[in-house]
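S.K.:
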Amino acid sequence: MDFVWITGLGQACSRGLSMWDEQKRQRFQQLRERENALTEAERGELGGLVKELEAAEAAYLAPATERLRQERQTLEKRNRALEVLARRKEALLRRLREFLGEARAERHT
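No gaps in the numbering here: position 80 of the sequence shown is 214 in the working numbering, and each next residue is one more.
1. Look at L172 and L165 and say whether their C-beta atoms are less than 8 Å apart.
2. Between A237, K211, R212, L187, which lies nearest to R159 when the distance is taken from Cα to Cα?
3. Does DSSP put F137 in a helix, a strand or coil?
4. Which word fits Q233, buried or exposed, when buried means at least 16 other C-beta atoms lie within 10 angstroms of its C-beta?
5. Go through its chain and collect everything with a Cβ distance to E176's Cβ below 7 Å, but skip five positions before and after it.
6. Excluding sequence positions up to five away, which residues of its chain have a Cβ less than 6 Å from the Cβ of G150?
7. Which two residues bound the contiguous alpha helix (DSSP H) that contains A220?
Here it is as structure tokens:
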């Protein structure tokens, strides 16, 4: 059974955390609710559970993160090409303006 689990970090993660049984989920919630009054052992337990959640979230989000990284690289490459094109067009415009200026000057002489 898939479910959506919302961590304290506000991130939704399904499937990756379905491996958690109900007992583990309840224990995590109990520790989170008493977070300010935990024993040292309970703080360690909560820290371990948080790390486990973060690792599951990272694994769940890894494909989307990789896709976004690739999209960003593609966009950066496209932006660089557009910058080169814009510089070429600006240079051409300068040359055309110079040429028109020279042509007008010759016409008036």
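Just so you know, even glycine gets a beta-carbon here, dropped at the ideal spot from N, CA and C.
M.R.: Quick answer:
1. Residue mapping note: residue 172 aligns to position 38 of the sequence shown, counting from 1. Residue mapping note: residue 165 aligns to position 31 of the sequence shown, counting from 1. Between L172 and L165, the C-beta spacing is below 8 Å.
2. Start at 1 with the first residue of the sequence shown, and residue 159 comes out as number 25. Of A237, K211, R212, L187, the residue nearest in Cα terms is L187.
3. As a first step, residue 137 must be located in the sequence shown, where it is residue number 3. In this prediction, F137 scores a pLDDT of 36, lower than 50, which makes its location untrustworthy; no coordinate-derived value is stated.
4. Indexing the sequence shown from 1 puts residue 233 at position 99. One point to set straight first is that residue 233 is Phe, not Gln, in the sequence displayed. F233 is exposed by the Cβ-count criterion.
5. Within the sequence shown, the letter at position 42 stands for residue 176. Counting only Cβ-Cβ distances below 7 Å, and skipping sequence neighbours, we find L165.
6. The residue you call residue 150 lines up with position 16 of the sequence shown. Unreliable positioning characterises G150 in this predicted model, as indicated by a pLDDT of 47, which lies under 50. The coordinate reading is nonetheless provided below. Result list for G150: A190, A193, Y194, in chain order.
7. Your numbering for residue 220 matches position 86 in the sequence shown. That run of the alpha helix (DSSP H) goes 174-241.
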